[in-house]
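Note that the working numbering has the sequence shown beginning at 1029, numbered continuously upward. Glycine is no exception: its CB is placed at the ideal position from the N, C-alpha and C atoms. Owing to the predicted nature of the structure, the values given are computational and were not obtained by experimental measurement.
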Amino acid sequence: MNSILHIGNIAGVPQELARAQRKLGFKSDVISFDYHPFEYETDLYYPTKLPSSLRYSRYIWASLRYCEKIFNILENSTKYDVFHFHFSSILPFGMDIPIWKMQKKKIIIHHHGSDIRYKGEMQLYSKFADKIFVSTPDILEWSPSAIWMPNPISLDRLLYAGVEHKDETEEIIIVHAPSNRAIKGTEYVIKAVTKLRNEGYKINFVLVENMSHNKAIEYYKKADIIIDWINPKFGIYGMFSIENMAIGKPVICNVKQKFIDMYFKDLPIFNSLPLSLAEDLRILLEDYNLRKELGEKGRKYVEQMHDANKIAKQLIELYKSI
């Protein structure tokens, strides 16, 4: 086993894994088929060549697009031993998985959230996939036999920046970067920030949306406080939290206590709820030392839990065990 093809373009995770696996001496590439607004890097990019006139029928368009993607993978299949699918395989219900098994590929299914949450595992995945991973432990509820694989971060690409001390005349920069406002609970964030502004707190609220990932990182580096998922329906932290802990920023997020107890020991995130967010923000606004402490602990936590190099080594061993 010496070559891996990551299929999909989810939150930069395939890119982080491929980059770290290449450092270990393996051929590891990412193939993607659609433009991603965050402009994550990809090694093989196959946008559709179908004429736009076919979009009049979504069924015809979807069917032909599936065929395109299958052909694109087949074009490259001889170069790789492992097919690591992120989010889902190409065809609905995993109907393409038997094709890849017939080619003697090691098949990995890596769930990232909405692909399985509240739905359950696909029968063909359970039957034919060699390994199934989940990116956050809450998803284990819908795929109990899967392996939790923490999301990876390249620590050499996200250097520690920490937070600056600011006096009462300076604005505190609060950054929130929702990929989906409803899922992330953005309405609660806006309400809390508005309340504190009306009370006289000097806040520069930055809503990071519709920009490349590299540009977004530049905003994160300038932040004093980061707000991630506040929606209590999910109760987990994501790549946004991980990236900012790596940079050394204090992160506010709603994380369910059961996940902290079972999986996230010593998680240095300021745990908050929609109703308490304004008061929790007030604490961080007024306490620079706490902001600094959370940022320092966050970096150490990510070094321990989310280092892409460590996770890549773990994955290689799991591939070899198949």
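With distances taken between CB atoms, is the gap from residue i to residue j smaller than 8 Å?
| i | j | result |
| --- | --- | --- |
| LEU1309 | ILE1280 | yes |
| ARG1319 | VAL1221 | no |
| ILE1118 | ASP1109 | no |
| ILE1297 | TYR1265 | yes |
| ARG1145 | TRP1176 | no |
| LYS1051 | ASN1030 | no |
| GLU1372 | ILE1231 | Because residue 1372 is not part of the residues shown, which for the chain are 1029 to 1350, the question remains open. |
| HIS1139 | PRO1042 | no |
| LYS1250 | ILE1201 | yes |
| SER1182 | ALA1048 | yes |
| LYS1159 | LEU1313 | no |
| ILE1258 | LYS1212 | yes |
| PHE1355 | ALA1336 | What the structure shows of the chain is the stretch from 1029 to 1350, and residue 1355 is not part of that stretch, so it cannot be assessed. |
| TYR1073 | SER1091 | no |
| ILE1339 | PRO1180 | yes |
Taking residue i as the reference, which of the options has the closest Cα?
| i | options | result |
| --- | --- | --- |
| PRO1075 | GLU1096, SER1056, TYR1068 | GLU1096 |
| VAL1236 | ASP1256, LEU1152, ILE1167 | ASP1256 |
| PRO1126 | HIS1138, LYS1155, HIS1114 | LYS1155 |
| PHE1292 | LEU1313, ILE1136, GLY1263, ASN1337 | GLY1263 |
| PHE1287 | PRO1165, ILE1258, TYR1216 | PRO1165 |
| SER1080 | TYR1073, VAL1234, TRP1089 | TRP1089 |
| LYS1325 | HIS1193, GLY1036, ILE1275 | ILE1275 |
| GLN1151 | ALA1048, PHE1121, LYS1159 | PHE1121 |
| ASN1037 | LYS1338, ASP1062, ARG1086, ARG1047 | ASP1062 |
| GLN1342 | ILE1059, PRO1178, ILE1167 | PRO1178 |
| ARG1225 | HIS1193, GLU1307, MET1267 | GLU1307 |
| ASN1208 | ASN1238, ARG1086, ARG1327, ILE1311 | ASN1238 |
| ILE1032 | PRO1180, LEU1045, TYR1087 | LEU1045 |
| ILE1344 | SER1060, ILE1136, ILE1035 | ILE1136 |
| GLU1321 | SER1116, ILE1167, ALA1189 | ALA1189 |
| ARG1185 | GLY1040, LYS1348, HIS1034, GLY1323 | GLY1040 |
| LYS1107 | GLN1131, LYS1348, SER1116 | GLN1131 |
| LEU1386 | ARG1086, ASP1289, PRO1260 | A query on residue 1386 cannot be resolved here, the shown segment of the chain reaching from 1029 to 1350 and no further. |
| ASP1057 | MET1290, ARG1086, ASN1104, TYR1087 | ASN1104 |
Within 10 Å of its beta-carbon, does residue i have 16 or more other beta-carbons around it, so buried, or fewer, so exposed?
| i | result |
| --- | --- |
| SER1163 | buried |
| LYS1147 | exposed |
| ILE1350 | exposed |
| LEU1102 | exposed |
| MET1333 | buried |
| LYS1153 | Sequence check: residue 1153 is Tyr here, not Lys. Buried: at least 16 other Cβ atoms inside 10 Å. |
| ASN1242 | exposed |
| ALA1210 | exposed |
| SER1215 | It is worth fixing the name first, because residue 1215 is Glu in this sequence and not Ser. Classification of GLU1215: exposed, given that the 10 Å Cβ count is below 16. |
| GLU1227 | exposed |
| LEU1305 | buried |
| ARG1086 | exposed |
Less than 6 Å between C-beta atoms, sequence neighbours within five positions excluded: which residues of the same chain meet that for residue i?
| i | result |
| --- | --- |
| ILE1254 | VAL1203, ASN1272, LYS1277, VAL1279 |
| LYS1133 | PHE1111 |
| GLU1069 | GLN1043 |
| LEU1245 | It is worth fixing the name first, because residue 1245 is Ile in this sequence and not Leu. Answer for ILE1245: no residue qualifies. |
| ASN1100 | TYR1074 |
Excluding the 5 residues preceding and the 5 following residue i in the sequence, name in chain order all residues of the same chain whose CB lies nearer than 7 Å to its CB.
| i | result |
| --- | --- |
| ARG1093 | THR1076, LEU1078 |
| LYS1284 | GLY1263 |
| TYR1329 | MET1273, ASP1294, LEU1295, PRO1296 |
| GLY1323 | GLY1190, VAL1191, GLY1276, LYS1277, PRO1278 |
| HIS1064 | ASN1037 |
What first and last residue would you give for the beta strand (DSSP E) that runs through residue i?
| i | result |
| --- | --- |
| VAL1232 | Reading the sequence as shown, one finds Asn at residue 1232 and not Val. Counting along the chain, the beta strand (DSSP E) containing ASN1232 begins and ends at 1231–1235. |
| ILE1253 | 1253–1255 |
| ILE1125 | Run containing ILE1125: none in the beta strand (DSSP E); it sits in the alpha helix (DSSP H), 1125–1130. |
| VAL1330 | Counting along the chain, VAL1330 falls outside any beta strand (DSSP E), though it belongs to the alpha helix (DSSP H) covering 1316–1333. |
| SER1056 | 1055–1060 |
| PHE1292 | Where PHE1292 is concerned, there is no enclosing beta strand (DSSP E), given that its DSSP letter is neither H nor E. |
| LYS1134 | 1134–1139 |
| HIS1112 | 1110–1114 |
| ILE1201 | 1200–1204 |
| VAL1279 | 1279–1281 |
What first and last residue would you give for the alpha helix (DSSP H) that runs through residue i?
| i | result |
| --- | --- |
| PHE1268 | 1267–1275 |
| VAL1217 | 1214–1226 |
| PHE1161 | Here PHE1161 belongs to no alpha helix (DSSP H); instead the beta strand (DSSP E) covers 1159–1162. |
| LEU1033 | Run containing LEU1033: none in the alpha helix (DSSP H); it sits in the beta strand (DSSP E), 1031–1035. |
| PHE1156 | 1151–1156 |
| TYR1351 | Here the chain covers residues 1029 to 1350 and nothing more, so residue 1351 does not appear. |
| LEU1102 | 1086–1104 |
| TYR1146 | Looking at the DSSP string, TYR1146 is not in any alpha helix (DSSP H), and its letter there is neither H nor E. |
| ALA1336 | 1336–1348 |
| ARG1047 | 1041–1051 |
Among residues of its own chain, excluding the 5 on either side of residue i, which ones have a beta-carbon nearer than 8 Å to its beta-carbon?
| i | result |
| --- | --- |
| LYS1194 | ILE1200, ASP1252, TYR1316 |
| ILE1098 | ILE1118, LEU1119, ASP1124, ILE1127 |
| LEU1168 | VAL1162, ALA1174, TRP1176 |
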